[in-house]
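The structure appears right after this line, and notes come after that.
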Amino acid sequence: MHHKSLLLIQHNLREYCIGSQVPCISQATQEYLAVFLTKHKPMRCLEIGSACGYSLLTTALLVEPRGGTVCGCERAYPNRVILSHNTALVRQYGLTNYNCVFGQFLQLPITSRGNEPYDFIFVDAQKAEYPLYITHLVENKLIHENTKIIFDDVIKYQDRMTDLTQTLEQYGFKHELKQLENDDGILIVYQ
Ligand SMILES: C[S@@+](CC[C@H](N)C(=O)[O-])C[C@H]1O[C@@H](n2cnc3c(N)ncnc32)[C@H](O)[C@@H]1O
3 MHHKSLLLIQ HNLREYCIGS QVPCISQATQ EYLAVFLTKH KPMRCLEIGS
53 ACGYSLLTTA LLVEPRGGTV CGCERAYPNR VILSHNTALV RQYGLTNYNC
103 VFGQFLQLPI TSRGNEPYDF IFVDAQKAEY PLYITHLVEN KLIHENTKII
153 FDDVIKYQDR MTDLTQTLEQ YGFKHELKQL ENDDGILIVY Q
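Reminder that position 185 of the sequence shown reads as 187 in this note's numbering, one-by-one numbering, no gaps.
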């Protein structure tokens, strides 16, 4: 694997996102992800809301040394085109542990994501749908008793996800809010 080239692609992708006003995870979330994934060592990862693939590539690089894989999900055009382009590009440099399915997460056939639960799920999609993702993940058995879930941007957009903690408590999930920046943070969810 050409690690230096992959890091350069990752760097350029962040620059592209900033320049084109495509959302991508903050530096603080990225740093926290690195610590979290190194600690918990998930093998099967899922990302809901991949945009152009910055956090997907970041996660793929972090879990690759242990043989981990990531499946991303993105519904919007033209983000999907850039995401496909980057996925093909990084494959040329030896990073083959991630793929992306295109469409609205709640409507994708389960078989397209593989029919096994995930060890780690990063949620960075439509904020108002966060509670629906929980129900969908539980009802479709996409999580097991040790699955860890991280919801991004839960402080900045807390007004859009009023039902999230209520839904989590309904399913008996524990949750921990981590403020990573002045105005934003993540919610870590586990059973
Ligand atoms: C904040 S951006 C994701 C940024 C990305 N995680 C990163 O850091 O590179 C949110 C993305 O989620 C996508 N999205 C929102 N709701 C979705 C859904 N229900 N299914 C799939 N994608 C969704 C949007 O199109 C948008 O591109």
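We put the beta carbon where it would ideally sit given N, CA and C, even for glycine.
The C-alpha of residue 4 lies about 19 Å from the C-alpha of residue 85. Judged by DSSP in its simplified three-state form, residue 65 adopts helix. In its chain, beyond the 5 residues on either side, 99 have a beta carbon closer than 6 Å to the beta carbon of residue 66. The alpha-carbon of residue 27 is positioned some 16 Å away from that of residue 72.
Beta-bridge pairing by DSSP links residue 175 to no other residue. Linking residue 10 to residue 70 through their CA atoms gives a straight-line distance of about 21 Å.
Comparing alpha carbon positions, the residue from 134, 154, 182 closest to residue 172 is 134. Taking 8 Å as the cut-off, the C-beta of residue 131 counts as close to a heavy atom of ligand 1. Just measuring C-alpha positions, the residue of 91, 93, 78, 38 sitting nearest residue 104 is 78. Taken through DSSP and simplified to helix, strand or coil, residue 147 comes out as strand. Counting of Cβ neighbours within 10 angstroms places residue 46 among the buried residues, the total reaching 16 or more. Boundaries of the beta strand (DSSP E) harbouring residue 46: 46-50, taken from the DSSP string. Scanning its chain for C-beta atoms nearer than 6 Å, with the 5 sequence neighbours on each side dropped, one finds around residue 129 the residues 159, 162, 163, in chain order. When secondary structure is reduced to three states using DSSP, residue 105 falls in the coil class, being assigned neither helix nor strand. When the Cα atoms are used, residue 151 and residue 55 turn out to be separated by approximately 18 Å. Under the 10 Å beta carbon count, residue 93 is surrounded by fewer than 16 other beta carbons and is classified as exposed. Note on geometry: alpha-carbon atoms of residue 123 and residue 50 lie some 8 Å from one another.
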